[in-house]
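I have placed the structure first, in the form of structure tokens, so that the comments after it can refer back to it.
2 protein chains.
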Amino acid sequence: MAQRTDLSTTRNLGWALAVVLRRWHEGVEDVLKDVPQGSRGYQVLSTVVHEQLPTQVALAAHLSIDRTVMTYLIDELEGDGLVERRPDPADRRARRIVATARGRKVLAAAERRVAAVEDVILSGLSADEQAAFQDLTQRAATHIHHEDPNADPCTAVRQVFDQAN
Amino acid sequence: MAQRTDLSTTRNLGWALAVVLRRWHEGVEDVLKDVPQGSRGYQVLSTVVHEQLPTQVALAAHLSIDRTVMTYLIDELEGDGLVERRPDPADRRARRIVATARGRKVLAAAERRVAAVEDVILSGLSADEQAAFQDLTQRAATHIHHEDPNADPCTAVRQVFDQAN
DNA sequence: ATATATCATCTGATCAACAGATGATCTGTA
DNA sequence: TACAGATCATCTGTTGATCAGATGATATAT
Chain A
0 MAQRTDLSTT RNLGWALAVV LRRWHEGVED VLKDVPQGSR GYQVLSTVVH EQLPTQVALA
60 AHLSIDRTVM TYLIDELEGD GLVERRPDPA DRRARRIVAT ARGRKVLAAA ERRVAAVEDV
120 ILSGLSADEQ AAFQDLTQRA ATHIHHEDPN ADPCTAVRQV FDQAN
Chain B
0 MAQRTDLSTT RNLGWALAVV LRRWHEGVED VLKDVPQGSR GYQVLSTVVH EQLPTQVALA
60 AHLSIDRTVM TYLIDELEGD GLVERRPDPA DRRARRIVAT ARGRKVLAAA ERRVAAVEDV
120 ILSGLSADEQ AAFQDLTQRA ATHIHHEDPN ADPCTAVRQV FDQAN
């Protein structure tokens, strides 16, 4: 018998995360044909609906997307009538990106399909474990995200805001 | 009061995984200055040491790296004396990639530093939760990886092998 | 007022990823 | 045995995405 060949015993978080995330992208891309730019457009739309970030830059920073890319991502979403660029009343340089009714509808449907895909992807885990994994990943990410305010102006804004209270 | 602003309540696995993985890459890159090609070289070296995959193609498939990229990744690792290309006695087309003593040493040291980085990255979770997260991620990934044999010739080989027993 | 910073956008340059071709070798088959 | 088709590692050329930098409009600070 040679040395151990079994993968599961070799701890390699980077590899494991990459495998899961790659699979997520693949699986999700299949059910997001109706959202422009696939998973990218989905992420943007999701963020627009669930958070309200002040500017495109904030949106971009939140998703770690380049600001110049964000421009044409929103172009496409707007072209499909999923979001609108409204002038920001408080700052005429900025645009408020707001989801249309149709955008919210499309997102809701997409989210259901994505959730289904995630169930399949995580089918190696029991239901409880899946829930735990979702929760832990979410919390780890949230912590990382808050820890690094520079990466997301919105967080910094929030911190200043919290401080004021 | 506006709609909810809190991130942690919005389930978005793709976003969360991306945040954690991105942070992993950043953090790990810092402590892998001595490994050529940074985290990529590290992953290859790690795979070479811990698994024994027959060919460069298998190595590439395992890590989802293009075969043409694998060529120069190994070029660099070999140039640094971390691995060797040995002719495969059974198949003269193929090369066995084997770690040198120095390679194993460098890897071991790197793995310790990477583990330390992971502790920092996951510091938003308790020790138990960190362990759970590592375990669940690993198992989810392993399951995905085995589920898709085409992605990794080695797995297919293993399946045939298992069938024979 | 003037200077500096920020927002969204556009342009151009760069660079990594991939498809395709190549030479060597293996496997199967007639 | 010879031949066809597949596979291994490598090389080359192209392409497509990413990002730095510039721009015009606007905000903020001195």
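Residue numbers (numbering that gives the first Met the number 0), protein chains in the order written: chain A, 0 to 164; chain B, 0 to 164.
Glycine is no exception: its CB is placed at the ideal position from the N, C-alpha and C atoms.
Inter-stretch contact at 8 Å, needing at least 3 Cβ pairs: the segment 47-63 of chain B / the segment 91-101 of chain B: Yes, the segment 47-63 of chain B touches the segment 91-101 of chain B.
Quiz prompt | Length of the line joining the Cα atoms of MET69 of chain B and ALA59 of chain B | solution = A straight line joining the alpha-carbon of MET69 of chain B with that of ALA59 of chain B spans about 6 Å.
Is the separation between the beta-carbon of PHE132 of chain A and that of LEU124 of chain B shorter than 8 Å?
No, these two residues do not count as a Cβ contact at 8 Å.
*Expressed to the nearest angstrom, what Euclidean distance is found between the alpha-carbon atoms of ALA89 of chain B and VAL43 of chain B?*
If I take the Cα positions, the gap works out to 23 Å.
Exercise for review: Compute the beta-carbon to beta-carbon distance between GLY80 of chain B and ARG101 of chain B, rounded to the nearest angstrom, for a pair I have assumed lies under 8 Å.
Suggested key: Right, the Cβ-Cβ distance comes to about 5 Å (below 8 Å), so this counts as a contact.
Can you list the residues of chain B that SER125 of chain A reaches, using a CB-CB cut of under 8 Å? Simply none; closest approach about 10 Å.
| How about the segment 22-37 of chain A and the segment 114-121 of chain A: do they share at least three Cβ pairs that are nearer than 8 Å? | Touching, yes.
**OP:** Would you mind giving the Cβ-Cβ distance between ILE143 of chain A and ARG22 of chain B, rounded to the nearest angstrom? I have them listed as a contact below 8 Å.
**Re:** Contact flag correct, Cβ pair sits at about 5 Å.
Compute the distance between the beta-carbons of LEU15 of chain A and GLN129 of chain B, then report whether it is under 8 Å. For the sequence presented, residue 15 of chain A should be read as Ala rather than Leu. No.
Note down, in chain order, every chain B residue with its Cβ under 8 Å from the Cβ of GLU117 of chain A.
Within chain B, the residues near GLU117 of chain A are LEU12.
Exposure label - ARG39 of chain B; buried when at least 16 CB within 10 Å:
Looking at its Cβ environment, which holds 16 or more other Cβ atoms inside 10 Å, ARG39 of chain B is buried.
Do the CB positions of ALA139 of chain B and VAL19 of chain A come within less than 8 Å of each other? Going by C-beta atoms, ALA139 of chain B is nearer than 8 Å to VAL19 of chain A.
**Item:** Bridge partner(s) assigned by DSSP for ILE96 of chain A
**Value:** A:ARG84.
message: Can you list, in chain order, the residues of its chain with a C-beta nearer than 8 Å to that of TYR41 of chain A? Leave out the 5 residues immediately preceding and following it.
response: Setting aside the 5 residues that flank it on each side, TYR41 of chain A is surrounded in the same chain by VAL27, LEU31, VAL34, LEU106, ALA109 and VAL113, each with a C-beta closer than 8 Å to its C-beta; the list follows chain order.
Give a yes or no on whether the C-beta atoms belonging to GLN51 of chain B and ARG66 of chain B are separated by under 8 Å. Against a cut-off of 8 Å, the Cβ pair of ARG66 of chain B and GLN51 of chain B comes out as no contact.
query = Using a C-beta cutoff of 8 Å, does LEU20 of chain A count as contacting chain B?
reply = Taking a beta-carbon distance threshold of 8 Å, LEU20 of chain A counts as an interface residue toward chain B.
*What are the uninterrupted segments assigned as beta strand (DSSP E) that are 3 or more residues long and contained completely in the segment 36-93 of chain B, given in chain order?*
For the segment 36-93 of chain B, whole beta strand (DSSP E) runs of length 3 or above, ordered along the chain, are 82-86.
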